[in-house]
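Engineer:
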Amino acid sequence: MSVLGKIFTWWDGATIGTLLNSWRTGEQVGTDAQGNRYFRARKTPAGTNERRWVLYAGANDASRVPPEWHGWLHGHFVDVPESLLPPAKIWEVEYTPNATGTLGAYRPQGALERGGRRAGASGDYESWTPDS
Amino acid sequence: MPKVTVDGQEIEVPAGATVLQACELAGKEIPRFCYHERLSIAGNCRMCLVEVKPGPPKPQASCALPAADGQEIRTDTPMVKTAREGVMEFLLINHPLDCPICDQGGECDLQDQSVAYGRGGSRYGRENKRAVTEKNMGPLIKTIMTRCIHCTRCVRFSEEIAGVDEIGALYRGEDMQITTYLERAATHELSANVIDLCPVGALTSRPYAFEARPWELKKTLSIDVSDAVGANIRLDSRGREVMRALPRINDDVNEEWLSDKGRYMVDGLTRRRLDKVWIRKSGKLAEASWDQAFKAIAAAKPGKNIAAIAGDLVDCETMFAAKALLGAMGSTLLEGRQTGMDYDVSNMAAVAFNSTFAGIETADAILIVGSHVRWEAALVNARLRKAVKHGAKVFVVGPEWETTYPATFLGEDVGVLGKLPKDVSDAFKGAERPAIILGGAALAKGALAPALAFADKFGLVNDGWNGFNVLHMAASRMGGLMLGYAQAGGIADIAAAKPKVLLSLGADEVDYSAFDGVLKVYIGHHGDKGAHAADIILPAASYAEKDGTYVNTEGRVQYAEKAVFAPGDAREDWTILRALADALGVSVGFDSFADLQGAMFAAVPALGEEGLADLGALPKGDAKAKADGVITYPIKDFYLTNPIARASAVMQQCSAELLHGDDLAEAAE
Ligand code: SF4
Ligand code: FES
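Top to bottom, those sequences are chains R and A. Per full-length UniProt numbering, numbering through the first sequence is continuous, rising by one, with the last residue being 132. Per full-length UniProt numbering, numbering through the second sequence is continuous, rising by one, with the last residue being 669.
This is the structure:
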């Protein structure tokens, strides 16, 4: 991403301010498979919860956080996921972010993007044409 | 009349009633499987057990026990309760637990009665269930014979009502199986009624298999238009589609039966539908808008040169709306007899079924002239069979067809009417309730006048009895005649008048070659002969898609309700005619369906009253009237007589397999 882009946009990755703040007050605890980086505050005032945050590699889309890191971000786990979750099983599929609004989005049967063909339903009829 | 006590309540029952009927009169529900009001008594399911004193100290089958004076009947004792539970338990030993996948589910007598009278559990859980192979009963009836409980209703129906020995039972006891003769398809015209009769899901409807559940269907009361009988039906629809048609009970018309065509042509309502406006441009039909179509008709400047031909399926309202439109234009060129018949309609009684369907059962000598009753009105044929069972003699003039009762064929020429063989005239002279049934084929040969002479000669009309009957084939015919859809010379008069515009109200049997150069406007619902010949097509509603009045061949006025909406751009017929009146710059005097009906009732008061219309007295016959010519029946294929049936895949299959099945088999060899 160009420097100007970094300065004037906010939707792809962290802004300059957030980057500065993360570097100044946070420490990185890990990254996930997509390259998102996870941070926590270096100092936690007594009586408050630890601050945790994520810097996205790419679009700022909260659904890109996989479930194990989601748990960590929201304070369900004390420690980073690698340290307490069992290793992924071979049958587990890779996490995919929400595809709504993208080409990969789910289209119901009969949607034009899926060819417009659907199963028959009551009320369907066949209209007459002069050559039939 | 015997007096009996039912659960302590004393009632008087008609002589000859059974204990079951006595209980019903007393308002007690008796569960039953094999008993049916319109069939003979079999007494083989044992579900109707009650306690009767005097008598042996055991429960008795009430359906087969005559009610006698002084009987004390109990339906609420522990003995009756355990007897019912026991019968239910026995029946369920072999009945599969199919309910979730069974089409009868929700309208199954076995289901309902096991809930109401069953034990709630079985002691035969470890017993293996009997399994029976599926039988072939043709394209309409699907069999799952493992479910059969051997009530034999289907067997009795085929034998007694339909009059064909097609379904029977093989083997005995637990091994008993219901099957068709040599596993051939059931081929008679009332075959599908066994589906309604079967109290379980052993016989279900094949075209409707797994389509819908009874509780998700909207039920609409309607009238069957597949013939001129006007059978009372119920259209079951889901969303915009009619899923099935079932008979309603009307003892005067269809009892509780329905012909296979009326029942199964409904799938034709979703095929070959006219759903947009078409205009012919340089020889080819092209899609257009309503506006363009109305402009094109107005541009033809018909003035009073406009004519209308009504098809076989239209309702009286449509015909009246067209008549009002033509009247406003100054024309009376109306005709409904599409095939060119021109019999005299100055007296409506002379073209109606005066004995009524229920009455014809009591006739004792019947002469059928030029009518293939089995195909033209299957339900009337069932009535004729009853008459014969009561001792009536039946004679037929016309080519031979397979009657379901003994009948004598007198040759194919209508001329026979003037010189009946001696035994026939003797039979009619001796008869108390003689009747004649005149079919369309006879009317076409000019047999109306000689038939009236015959009526005079043999006293067909005597006190309380009118034996003069005309059996029409089109649902719209009687209504059309009452509304004046008849020219003295038939359709030839219309062609001779050279109209500029011809409105065809779903007329698909007309020979349009006589109307070359006329702007033909087809207002109908199916793409059939009429649509192919038309210059402008205006899509309209079928009988299921509009309210309407129909008059059956007896002159019985009946109302049908709208079940679903017409597809696409199609509109109800009267709205099209109303809009056309605006386009032609005339006023027809109605703006709503209620207005239209009001105007129609004012013009023809008989249509305003449900039930038999008073058609007046039969005219005197002319003793010198003669007719001759060989009769040819107009119906060549029972299953394909109207545009809806022709579009129906089920009817096409029936025609191919049941009527031309032998040809198919030969071709395959
Ligand atoms: S098939 Fe149905 S109607 Fe026929 S005997 Fe079996 S249960 Fe009765
Ligand atoms: S109803 Fe009486 S035995 Fe079946």
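In this text, a Cβ means the ideal position worked out from N, Cα and C, and glycines have one as well.
#1: Within the structure, which residues are defined as neighbours of ligand 2 by a Cβ-heavy atom distance below 7 angstroms, reported in chain order?
#2: Determine, for G123 (chain R), whether the minimum Cβ-Cβ distance to residues of chain A falls below 8 angstroms.
#3: My guess is that P81 (chain R) and W91 (chain R) are in contact by the Cβ rule of under 8 angstroms, so how many angstroms apart are they, rounded?
#4: Find the nearest neighbour of L73 (chain R) within the set R:A88, R:E94, R:A41, R:D131, judged by alpha-carbon distance.
#5: Would you say the beta carbon of R206 (chain A) comes nearer than 7 angstroms to a heavy atom of ligand 1?
#6: For R119 (chain A), is the beta carbon positioned less than 7 angstroms from some heavy atom of ligand 1?
#7: Since P643 (chain A) is in the alpha helix (DSSP H), which residue starts that stretch and which ends it?
#8: Given this structure, state the Cα-to-Cα distance separating D426 (chain A) from P406 (chain A), to the nearest angstrom.
#9: Under 8 angstroms by Cβ, that's how I've got V6 (chain A) and E51 (chain A) pegged, so tell me the actual separation to the nearest angstrom.
#10: Can you check which of these residues, A:G330, A:I249, A:G391, A:A365, is closest to E37 (chain A) by C-alpha distance?
#11: Once the 5 residues before and after A453 (chain A) are set aside, which same chain residues still bring their CB inside 7 angstroms of it?
#12: Determine the extent of the beta strand (DSSP E) in which V551 (chain A) is found, giving its start and end residues.
#13: Run the proximity test for A202 (chain A): is its beta-carbon closer than 7 angstroms to any non-hydrogen atom belonging to ligand 1?
#14: Would you check if the region 277-297 of chain A and the region 529-540 of chain A touch, i.e. whether three or more CB-CB distances between them fall below 8 angstroms?
#15: In whole angstroms, what separates the C-alpha of K546 (chain A) from that of N462 (chain A)?
#16: Per the DSSP calculation, A61 (chain A) is bridged to which residue(s)?
#17: Is C102 (chain A) near ligand 1, judged by its Cβ being under 7 angstroms from some heavy atom?
#18: Assuming E610 (chain A) contacts V557 (chain A) under a Cβ cut-off of 8 angstroms, what Cβ separation, rounded to an integer in Å, is found between them?
#19: Starting from T179 (chain A), follow its DSSP beta bridges and name the residues at the other end.
#20: Between A308 (chain A) and A322 (chain A), which are expected to be in contact by the criterion C-beta below 8 angstroms, what is the C-beta distance as a whole number of angstroms?
#21: Looking only at C-alpha atoms, which of A:A514, A:D508, A:F515, A:D516 sits nearest to residue 673 (chain A)?
#22: Would W278 (chain A) count as contacting chain R if we go by Cβ distances under 8 angstroms?
#23: Do V501 (chain A) and I297 (chain A) have their CB atoms nearer than 8 angstroms?
#24: Could you please tell me which residues of the region 493-505 of chain A, in chain order, have their CB closer than 8 angstroms to any CB of chain R?
#25: I believe W574 (chain A) touches T318 (chain A) by the beta-carbon criterion, under 8 angstroms. Please report the beta-carbon distance rounded to the nearest angstrom.
#26: Quick check on the DSSP output: the alpha helix (DSSP H) that includes A365 (chain A) runs from which residue to which?
#27: Check whether the region 153-161 of chain A touches the region 204-214 of chain A, taking contact to mean three or more Cβ pairs, one atom from each stretch, closer than 8 angstroms.
#28: Less than 8 angstroms between C-beta atoms, sequence neighbours within five positions excluded: which residues of the same chain meet that for D569 (chain A)?
#29: Which same chain residues, not among the five before or five after M176 (chain A), have their C-beta less than 8 angstroms away from its C-beta?
#30: Do V345 (chain A) and L481 (chain A) have their C-beta atoms closer together than 8 angstroms?
#31: State the Cα-Cα distance for the pair T362 (chain A) and A387 (chain A), rounded to the nearest angstrom.
#32: Do A392 (chain A) and I366 (chain A) have their beta-carbon atoms positioned less than 8 angstroms apart in this structure?
#33: Classify E400 (chain A) as buried or exposed, calling it buried when 16 or more other Cβ atoms lie within 10 Å of its own Cβ.
#34: Does the beta-carbon of R38 (chain A), which I'm using as the reference point, lie nearer than 7 angstroms to any heavy atom of ligand 1?
#35: If I measure Cβ to Cβ from R280 (chain A) and keep anything under 8 angstroms in the same chain, skipping five residues before and after, which residues do I get?
#36: Quick one: is L274 (chain A) near chain R, going by C-beta distance under 8 angstroms?
Structural biologist: In short, the structure shows the following:
#1: A:L20, A:R32, A:F33, A:C34, A:Y35, A:A42, A:G43, A:N44, A:C45, A:R46, A:M47, A:C48, A:A61, A:S62, A:C63, A:A64, A:C151
#2: Interface residue, yes.
#3: Between W91 (chain R) and P81 (chain R) the Cβ distance is about 19 angstroms, and since that is not below 8 angstroms, they are no contact.
#4: R:A41
#5: No - ligand 1 has no heavy atom lying nearer than 7 angstroms to the Cβ of R206 (chain A).
#6: no
#7: 643-647
#8: Distance between D426 (chain A) and P406 (chain A), taken at the CA atoms: about 18 angstroms.
#9: Not confirmed; about 11 angstroms, so no contact.
#10: Nearest of A:G330, A:I249, A:G391, A:A365 to E37 (chain A), Cα basis: A:I249.
#11: G621, D622, A623, A625
#12: It spans 548-551 - the beta strand (DSSP E) in which V551 (chain A) sits, taken as one unbroken run.
#13: Checking every heavy atom of ligand 1 against the Cβ of A202 (chain A), one is found closer than 7 angstroms.
#14: yes
#15: 41 angstroms
#16: Answer is A:L49, bridged to A61 (chain A).
#17: No, the beta carbon of C102 (chain A) sits no closer than 7 angstroms to any heavy atom of ligand 1.
#18: 6 angstroms
#19: A:G168, per the DSSP bridge assignment.
#20: 5 angstroms between Cβ atoms; contact.
#21: This structure leaves residue 673 (chain A) out entirely; chain A is present only between 1 and 669.
#22: At a cut-off of 8 angstroms between beta-carbon atoms, W278 (chain A) makes contact with chain R.
#23: yes
#24: From the region 493-505 of chain A, no residue has a Cβ closer than 8 angstroms to chain R.
#25: Between T318 (chain A) and W574 (chain A) the Cβ distance is about 6 angstroms, and since that is below 8 angstroms, they are a contact.
#26: Unbroken run through A365 (chain A) is the beta strand (DSSP E), 365-369; no alpha helix (DSSP H).
#27: no
#28: D275, K276, V277, W290, P539
#29: H150, A169, L170
#30: yes
#31: 6 angstroms
#32: yes
#33: exposed
#34: Not one heavy atom of ligand 1 lies closer than 7 angstroms to the C-beta of R38 (chain A).
#35: Setting aside the 5 residues that flank it on each side, R280 (chain A) is surrounded in the same chain by A286, A534, D535, I536, each with a C-beta closer than 8 angstroms to its C-beta; the list follows chain order.
#36: At least one chain R Cβ lies under 8 angstroms of L274 (chain A).
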